[in-house]
Amino acid sequence: MGIPEGLQELLSLLDTEGEGDVVCLLLQSLYGLKQASRDLGRARFILGIEIDYDMERKALTISQRAYTESIVNRFGQENAKPSLTPLDPSVHRTKADEPQSDDDKAKMKSKPYRSLRHWDAGIKVVRYLLKTKDVAITYDGRMGTELTAYSDADWAGNRDDRRSVSGVMLMMCGAPVLWRSTFQKAVALSFTEAEYMALSDCIKEVVWMRRLLKDIGAEQHGPTGLSTKTLRFLLMPSNVGPKLETSN
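Counted from 1, the sequence shown has number 39 at position 39 by UniProt numbering; the numbering is strictly sequential.
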């Protein structure tokens, strides 16, 4: 690349005046350079996510077939029988499943999992991925961009420390744009408290998502709908009269 017009004259002038350093303000874009931004068309593959467009339906579909297949192949399950569910809801894995004796601990030290029971549970998840590798998420532009939130919680589901789990999902265009399931930071003393903590986590995500949507030009002008199966818990603080304890 050649020296921009006018820069050579400026450098020569500074040399004659004895100035050793110079800082120039670039007033024009760097188009033409190798690192300059270019229009490469619609994205088709980003961070392991495949993107497909349906312009007639105004729909966008994302999937992770290639990434899922790489996980299945990594664990040697490509010829295994697919699983219809990721985990058995009646089975709980705790620290008690880990090896207890010194000999068993020594045998498992080099393994990337806690116990054979944990390994079997993980393999079941991989076989579930084998079953659902073609499943995708489709965003339908005809359904609008109104944000909707969903919140749920269990109570004392973790058998090691009895923490509850908060579930949060945000929907737009008929499909999820954010979802997560995490252990709550504090131990809830009732199902009611667990639901309140889950609602708090959900509202935090809604506030963050609304700000993000505003930044990208999809500002939410109305309130965000929040759905929870325990609506009566929200009405409890506003009840007039003697306060009754709830047990759940």
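From the three backbone atoms N, C-alpha and C, an ideal C-beta is built for every residue, glycine too. Please read all numbers here as calculations on a predicted model, not as lab measurements.
Let me make sure I understand the geometry here. Which of the options has the alpha-carbon closest to that of residue i?
{"i": "E146", "options": "T224, W179, I71, R57", "result": "T224"}
{"i": "S166", "options": "C173, L212, T192", "result": "T192"}
{"i": "I137", "options": "I71, V168, R65, A194", "result": "R65"}
{"i": "E205", "options": "W155, R74, L178", "result": "L178"}
{"i": "residue 251", "options": "E9, T61, D52, I46", "result": "Outside the displayed range of the chain (1 to 248) lies residue 251, so it cannot be described from this structure."}
{"i": "C202", "options": "E56, F75, R117, Q184", "result": "Q184"}
{"i": "A149", "options": "R162, D134, L170, S164", "result": "L170"}
{"i": "S190", "options": "R163, S181, R180, I216", "result": "R163"}
{"i": "Y53", "options": "D215, E9, Y139", "result": "Y139"}
{"i": "F75", "options": "W208, A188, G222, G122", "result": "G122"}
{"i": "residue 252", "options": "R42, Y196, R210, A43", "result": "Given that the chain is displayed from residue 1 to residue 248, the structure contains no residue 252 and the question cannot be resolved."}
Suppose contacts are defined by Cβ-Cβ distances below 8 Å. Is residue i in contact with residue j by that definition?
{"i": "D152", "j": "A186", "result": "no"}
{"i": "V125", "j": "L84", "result": "no"}
{"i": "S63", "j": "E78", "result": "no"}
{"i": "residue 323", "j": "A80", "result": "Limits of the chain in this structure are 1 at one end and 248 at the other, which puts residue 323 out of reach."}
{"i": "G58", "j": "G144", "result": "It should be noted that the sequence gives Lys, not Gly, for residue 58. It is not a contact, given that the beta carbons lie outside the stated cut-off."}
{"i": "P82", "j": "K131", "result": "yes"}
{"i": "V168", "j": "R159", "result": "no"}
{"i": "T68", "j": "K133", "result": "yes"}
Apart from the five residues just before and just after residue i, which ones in its own chain have a Cβ nearer than 7 Å to its Cβ?
{"i": "E219", "result": "L213"}
{"i": "H92", "result": "R159"}
Which residues in the same chain have their Cβ closer than 6 Å to the Cβ of residue i, if we skip the five residues on either side of it in sequence?
{"i": "T228", "result": "S151"}
If residue i and residue j are in contact, beta carbons under 8 Å, what's the gap, nearest whole angstrom?
{"i": "L129", "j": "I71", "result": "6 Å"}
{"i": "A194", "j": "D154", "result": "7 Å"}
Any heavy atom of the ligand ATP within a distance shorter than 7 Å of the CB on residue i?
{"i": "T228", "result": "As for the ligand ATP, it is missing from this structure, which has no ligand bound."}
Beta strand (DSSP E) runs contained entirely in the region 41 to 67, provided each spans 3 or more residues: 49 to 54, 59 to 63
Beta strand (DSSP E) runs wholly inside the region 164 to 245, at least 3 long, in chain order: 165 to 172, 175 to 183, 225 to 228
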